[in-house]
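Under the working numbering, the first residue of the sequence shown is numbered 9, with each subsequent residue one higher. Data block below; observations after.
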Amino acid sequence: MKKLVYSIAMTVSVALSVGSCGSTIPPVPEPVLTTAEVLQKQASTQLQTMIDDIWQYELSISPGMAKSRGQKTKRALGDISIAALDAEAAKFQGFLTALDKVDSTQLSDSENITLLMQKYRIQNYVDMHKFKEYRVPITSEYGFHSGLGRQASNVRITNAQQLADYMMLLSEMPGHFSQQILYMQEGMQVGQVQPKAALKGYEESVLAFIAETPDESPFYKAFADMPDEFKTDQTLQVAENAIARVNESYQQFYDFLTNHYIPMAKRDISVKTWPDGEAFYQNRIKYYTTTEMTAQEIHQLGLSEVARIRAEMQIIVDELEFDGNINQFIEFLRTDPRFYAQTPEDLIITASYIAKKMDAQLPKLFKKLPRTPYGVAPVPESIAPKYTTGRYISPSSDDQPGYYWVNTYALDKRPLYALPALTLHEAVPGHHLQISLAAEMTELPEVRRSTYISAFGEGWGLYSEYLGLEVGMYDDPYDNFGRLSYEMWRACRLVVDTGMHMFGWSRDKALNYMLENTALSEHNVRTEIDRYISWPAQALSYKIGEIKIKQLRAGAEESLGDKFDIREFHDAVLAHGSVPLFVLEKNIKRFIEQKSAVEKGN
9 MKKLVYSIAM
19 TVSVALSVGS
29 CGSTIPPVPE
39 PVLTTAEVLQ
49 KQASTQLQTM
59 IDDIWQYELS
69 ISPGMAKSRG
79 QKTKRALGDI
89 SIAALDAEAA
99 KFQGFLTALD
109 KVDSTQLSDS
119 ENITLLMQKY
129 RIQNYVDMHK
139 FKEYRVPITS
149 EYGFHSGLGR
159 QASNVRITNA
169 QQLADYMMLL
179 SEMPGHFSQQ
189 ILYMQEGMQV
199 GQVQPKAALK
209 GYEESVLAFI
219 AETPDESPFY
229 KAFADMPDEF
239 KTDQTLQVAE
249 NAIARVNESY
259 QQFYDFLTNH
269 YIPMAKRDIS
279 VKTWPDGEAF
289 YQNRIKYYTT
299 TEMTAQEIHQ
309 LGLSEVARIR
319 AEMQIIVDEL
329 EFDGNINQFI
339 EFLRTDPRFY
349 AQTPEDLIIT
359 ASYIAKKMDA
369 QLPKLFKKLP
379 RTPYGVAPVP
389 ESIAPKYTTG
399 RYISPSSDDQ
409 PGYYWVNTYA
419 LDKRPLYALP
429 ALTLHEAVPG
439 HHLQISLAAE
449 MTELPEVRRS
459 TYISAFGEGW
469 GLYSEYLGLE
479 VGMYDDPYDN
489 FGRLSYEMWR
499 ACRLVVDTGM
509 HMFGWSRDKA
519 LNYMLENTAL
529 SEHNVRTEID
539 RYISWPAQAL
549 SYKIGEIKIK
559 QLRAGAEESL
569 GDKFDIREFH
579 DAVLAHGSVP
589 LFVLEKNIKR
599 FIEQKSAVEK
609 GN
């Protein structure tokens, strides 16, 4: 021990004496980079700088997104004036031009995915402005007015800043309504409006937010629930005045819809009759499917998938020894009370049970699971009548759960035999698992974690329904028929969406085609058809994405043989977040190569 102390002391002494003589220890030289390494570093730095700049710009024009990331904002709502929209489109076009100059050959695989994702995201902003999407801020099941309502419903006032933020939101809403109405009037002048057929009863979604007095308004709830210390007479009076103005805006929008927009809405249902409608539809095909497929190719694919699934349905009908054909069996399913919940609570409880049952199966299918939890809740009453049967709602912030929404409106139209497939799609292993994993990949830039590519996400959701078959989630033939009916539903979408928008199909023809081939209730079919009419091409993403995932799995199973691990495959599919299908194909090819190399090394 003494020798060690002496040695250390001598070392320190020598070091100090060298320093006292004016000498310095020479610095460690920087490693000399090769030309290739310099180019790679330059391209990587250039990309990262641009990705950061674009994200900060997006936050600057989207107060809601900025606030969800914990940033303070000067506005509650984005500026949607035409000057602002023009400026944003020009800015995004400039970003695209700059991104095109990044040397992708010098980037890593992950960086190239980031580059593609960033281009995909901002190209859509540019395209939507080019086709003047702002003229149509409503679909059959959604609108800016319900989005504002949901935003307000999430408000919790526990401090002075939250009170000020909410007051700012309410104060900006009347101007927002006025601008949206102006855009819709502009659309009416050129025929860029939603079809009348898809808007039947739509005004009810607005009426739900109109109250006789301010304290009866849904926007008053946040004030009613805030701590007593903030409930001064002055504060409540200001709040009531603000809500009165918001209420008036909803009333004006209701009057505009009922007296002008809906009566003058177009009678045909095809987006083809919009200005540049055919080009817009092809653009939406590319956006939602991430492929170069044409409407005709998609239509034919749908017809072949319908025929295949119908044959599988017939097998179940035969196994049950049902006395009748498929269509008679479907009618039996639609009308027999045993297949329907008696109360909204029963439907929510059943959905919750299925979700929990699937939770227990997840370790069989995945090695990596998200930490974010999810809840099961009914679709809000204000939008339920025109809303789809179920949907996943992402967390509004990192201290909130995700939600699997189940539509409890019109219970006799919500069959229980379809609930397992719906739950697997919207909750786990579908949207909640996939979206939460992506959001938790903190090593990735925000654009990768926040961008949702429909072909990937909805394809994964439909594939997740199939996974339930492999882990015993369909307890009886009726549940499995419900799964096939849901798959048929997505196959029919390929046919009816392209049919209505490009090939002259009437709404009745599309309705009859869906009723003929799926076990969905007539109410669901009507709601869905109106959704496809008012949201062109989005419905195409599900089946095309699912087919690609199944093809990639079959290829991996064939290449890896008994070395194939379903959990590793699923982790590889989800490892990079939401990506275009052609990127997913490259990722799985790399996964197979790496897995094969490891096996050979062993």
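All C-beta atoms in this analysis are idealised placements derived from N, C-alpha and C, irrespective of residue type, glycine included.
I'd like the span of the alpha helix (DSSP H) that includes Y142, first residue to last. If you look at Y142, you'll find it isn't in any alpha helix (DSSP H); DSSP assigns it neither H nor E.
Range of the contiguous alpha helix (DSSP H) that encloses P386: Counting along the chain, P386 sits inside no alpha helix (DSSP H); it lies in the beta strand (DSSP E) bounded by residues 382-386.
With DSSP run on the structure shown, which of helix, strand or coil describes Q602? helix
What did DSSP end up calling W63 once you bin it into helix, strand or coil? helix
If you count every other CB in all the chains shown that lies within 10 Å of the CB of V198, and 16 or more means buried, which is it? exposed
Quick one, which of L502, Q559, G569, S529 has its alpha-carbon nearest I541's? The option with the nearest alpha carbon to I541 is L502.
Measuring CA to CA, which of D87, Y417, R342, P393 is closest to E524? R342
So if DSSP puts W513 in a beta bridge, which residue, or which two residues, is it bridged to? Per DSSP, none; premise fails for W513.
Would you tell me roughly how many angstroms separate the C-alpha atoms of M125 and E454, rounded to the nearest one? 11 Å
Between the region 326-342 and the region 574-585, are three or more C-beta pairs nearer than 8 Å? With a cut-off of 8 Å, the region 574-585 and the region 326-342 do not count as touching, because too few Cβ pairs lie within range.
Alpha-carbon to alpha-carbon, F347 and K204: 33 Å
Who are the near neighbours of E565 in its chain, counting only those whose CB is closer than 7 Å to its CB and skipping five residues on each side? F572
Enumerate in chain order the residues of its own chain whose CB-to-CB distance from L265 is below 6 Å, with the five nearest sequence positions on each side excluded. E211
Counted within 10 angstroms of its Cβ, other Cβ atoms place D487 as buried (16 or more) or exposed: buried
I'd like the span of the beta strand (DSSP E) that includes R399, first residue to last. For R399, the enclosing beta strand (DSSP E) has its first and last residue at 398-401.
Per DSSP, which residues does P423 bridge with? Please list them. Y348
Which residues DSSP lists as bridging P203, in chain order: K274
Is it right to say I69 is buried, meaning 16 or more other beta carbons lie within 10 angstroms of its own, or is it exposed? Around the Cβ of I69, a 10 Å sphere holds 16 or more other Cβ atoms; the residue is buried.
If we count Cβ pairs, one from each stretch, closer than 8 Å, do we get three or more for the region 536-556 versus the region 280-296? Yes, the region 536-556 touches the region 280-296.
Rounded C-beta distance between M366 and F489? I'm assuming under 8 Å. Not quite, the Cβ-Cβ distance comes to about 19 Å (not below 8 Å), so this is no contact.
Would R422 and T397 qualify as a contact pair, given that the criterion is a beta-carbon distance under 8 Å? The answer is yes: Cβ separation under 8 Å.
Just the C-alpha distance for L55 and G467, rounded to the nearest angstrom, thanks. Cα to Cα, the separation comes out at about 29 Å.
Let me confirm a value: S112 is counted as buried when at least 16 other C-beta atoms fall within 10 Å, else exposed. Which label applies? exposed
Quick check on K11: does DSSP put it in helix, strand or coil? For K11, the predicted model reports a pLDDT of 39, less than 50, meaning its position is unreliable and no value from the coordinates is stated.
Nearest-angstrom Cα separation, counted from Q187 out to L104: 28 Å
Ignoring anything shorter than 4 residues or poking outside the region 163-201, list the alpha helix (DSSP H) runs there in chain order. 168-198
Member of Q50, R456, I555, K82 whose CA lies at the smallest distance from the CA of Y474: Of the listed residues, the one whose Cα sits closest to Y474 is I555.
For C29, collect the residues of the same chain with a Cβ closer than 6 Å to its Cβ; drop the 5 residues on either side in sequence, then sort them by chain order. Here C29 scores only 46 on pLDDT, less than 50, and its place in the model is too uncertain to base an answer on.
Considering only the beta carbon of each residue, do Y611 and H433 sit closer than 8 Å? Here the chain has residues from 9 to 610 only, and residue 611 is not among them.
So G469 is in the alpha helix (DSSP H); what residue range does that whole segment cover? 462-478
Let's see if you can read the secondary structure: which residues bound the alpha helix (DSSP H) around V254? 241-264
What is the C-beta distance between A429 and Y494, in whole angstroms, given that I count them as a contact (C-beta under 8 Å)? 4 Å
Let's see if you can read the secondary structure: which residues bound the alpha helix (DSSP H) around G310? 303-327
Bridge partners of G151, per DSSP? I146
Determine the extent of the beta strand (DSSP E) in which Y412 is found, giving its start and end residues. 410-414
Name the residue from M522, G553, N120 whose alpha carbon lies nearest to the alpha carbon of A463. The residue with the shortest Cα to Cα distance from A463 is G553.
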